[in-house]
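Q: Numbering (numbering that gives the first Met the number 0), first residue to last: 0 to 147. Positions of the beta carbon are idealized from the N, C-alpha and C atoms, including for glycine. All values reported here derive from a predicted model rather than from experimental measurement.
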Amino acid sequence: MNELSDYCGVRVSAGSFACEAALNTTRAKRIAVISPYFPISDVNVTRFFQDCGFDVAKFRGLKRNSPVAIAQVRPDTLRAHLEEMDDDTIDAFVQVGTNLPMVALCRELEAERGKPFIAINAATYWHALRAMGIDDQFPGHGPLFERH
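Okay, structure coming up:
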């Protein structure tokens, strides 16, 4: 990202690096990932997080076949998948796929379960603001915005 920032002359953010930065605020090592994608993409997502130094202990790929199908995944379905993956070995959860609606659900689950749930859209927005030097903290959008 530094190369891209240098080339463009402005600070930039990307969902993948935003999730890495968000996870780094938690000190998590063993993570569970939920993805709307198919196995071919899931392999690359897993590799990315492993290359960042995380142990991807659990992974759930939802195999949604279109952007609309991704956006239509119900919160109760997402909750069930995440709860099924949760156990004492997982330090944090991360959601990839920007069309998967999880910001509110991640906020709820983090409050209920006491461990980080990183939604990619919230992480990207937070990361972009921080990249631009905007360090305001405010409630209502999850712990990233409240504490970091």
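Give me the Cα-Cα distance between Asn43 and Arg146, rounded to the nearest whole angstrom.
A: One-based indexing of the sequence shown puts residue 43 at position 44. One-based indexing of the sequence shown puts residue 146 at position 147. Computed Cα separation, rounded: 30 Å.
Q: Taking DSSP's pairing of strands, which residues face Arg59 in a bridge?
A: Translated into positions along the sequence shown, residue 59 becomes position 60. According to DSSP, which records beta bridges pairwise, Arg59 is partnered with Ile33.
Q: Using a Cβ-Cβ cutoff of less than 7 Å, which residues in the same chain neighbour Pro38 once the five nearest sequence positions on both sides are dropped?
A: Here residue 38 corresponds to residue number 39 of the sequence shown, with the count starting at 1. Correct list, in chain order: Gly60.
Q: Do Ala17 and Leu143 have their beta-carbon atoms positioned less than 7 Å apart in this structure?
A: Taking the first residue of the sequence shown as 1, we reach residue 143 at position 144. Taking the first residue of the sequence shown as 1, we reach residue 17 at position 18. Against a cut-off of 7 Å, the Cβ pair of Ala17 and Leu143 comes out as no contact.
Q: Assign Val93 to one of three DSSP states: helix, strand, or coil.
A: Counted from its first residue, the sequence shown places residue 93 at position 94. Three-state result, Val93: strand.
Q: Three or more beta-carbon pairs under 8 Å between the segment 92 to 100 and the segment 53 to 72, yes or no?
A: yes
Q: Using 10 angstroms around the beta-carbon of Ile133, count the other beta-carbons present and answer buried if the total reaches 16, otherwise exposed.
A: Here residue 133 corresponds to residue number 134 of the sequence shown, with the count starting at 1. Looking at its Cβ environment, which holds fewer than 16 other Cβ atoms inside 10 Å, Ile133 is exposed.
Q: Can you say whether Ser34 is buried or exposed, counting buried as having 16 or more other CB atoms within 10 angstroms of its CB?
A: For the purposes of this step, residue 34 is taken as the residue at position 35 of the sequence shown. Label assigned to Ser34: buried.
Q: Relative to the alpha-carbon of Asn23, which residue among Gly52, Gly14 and Ser40 has its alpha-carbon at the smallest distance?
A: Within the sequence shown, numbered from 1, the residue matching residue 23 stands at position 24. Of Gly52, Gly14 and Ser40, the residue nearest in Cα terms is Gly52.
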